[in-house]
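Here my numbering is used: the first residue of the sequence shown is 3, the next is one more, and so on. Even for Gly, the Cβ is constructed at its ideal location relative to N, Cα and C.
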Amino acid sequence: MSANYHYPTDLSDEQCNWLQYLLPPRAWHPGGGGRPPSCDLRGIVKGILDLNQTGCQWRMIPPAFGNWRTIYGYFKGWRKAGVWANVMEKWRQLEDWVRGLKRTHKIELKSTLHQEGQGFRVVPWRWAVERTFAWLMNDRGHSRDDERLTVNSEAMIRMSMIRLLLKRLA
């Protein structure tokens, strides 16, 4: 299999830049003791995203992403360390900061009632929960939850939302 094969779940360089500052640093450092890691963190994240979107088994992750045991080991370690919750929290703080910047600009709005305006219109923030569940169901891994541990399912849901945010940010 060619190393240059592109999967639909591949991350762009910009998306990887968003994630690299939020993932924990590697324990191994050049010049330090021990064996250097043989895997690429980008491939590991892409492997987790591919598994989440396609709904395949851990053992069926394409070898282009790396060994499935390594990918699962990183996923499990990051889940236990709360990395995915931390990524979501950092992005929520970033969103609050951006909204705070928008609040500093003063805008004056005037509203008037018109007769032709009497009727049902969809308000954009309605059905937010249903819309979120619909976005989650785009990933096959959630349509039939085969995870044995609920904490793994929770981490997979966080990964789906992170992938959705990465698409919007980049």
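Considering only their Cβ atoms, is the gap separating residue 13 from residue 44 smaller than 8 Å?
The residue you call residue 44 lines up with position 42 of the sequence shown. The residue you call residue 13 lines up with position 11 of the sequence shown. Cβ distance < 8 Å, so residue 44 and residue 13 count as in contact.
Pairing CB atoms from the stretch 66-76 with CB atoms from the stretch 36-50, are three or more of them under 8 Å?
yes
Assuming residue 54 is part of the alpha helix (DSSP H), what are its boundary residues?
What you label residue 54 is simply residue 52 of the sequence shown in a count that begins at 1. 43-56 is the span of the alpha helix (DSSP H), which, as asked, contains residue 54.
So, is residue 136 buried or exposed, given that buried needs 16 or more other C-beta atoms within 10 angstroms?
Within the sequence shown, numbered from 1, the residue matching residue 136 stands at position 134. With fewer than 16 Cβ atoms within 10 Å of its Cβ, residue 136 is classed as exposed.
Residue 51 and residue 165: beta carbons closer than 8 Å?
In the sequence shown, the residue the question calls residue 51 occupies position 49. In the sequence shown, the residue the question calls residue 165 occupies position 163. Cβ distance < 8 Å, so residue 51 and residue 165 count as in contact.
Since residue 67 is in the alpha helix (DSSP H), which residue starts that stretch and which ends it?
Along the sequence shown, one-based indexing puts residue 67 at 65. Premise fails: residue 67 is in no alpha helix (DSSP H) and is neither H nor E.
Closer than 6 Å by C-beta to residue 18: which residues in its own chain qualify, once you throw out the five before and the five after it? Chain order, please.
Translated into the one-based positions of the sequence shown, residue 18 becomes position 16. 44.
Would residue 11 and residue 55 be called neighbours here (beta carbons separated by less than 8 Å)?
Along the sequence shown, one-based indexing puts residue 11 at 9. Along the sequence shown, one-based indexing puts residue 55 at 53. Yes, these two residues count as a Cβ contact at 8 Å.
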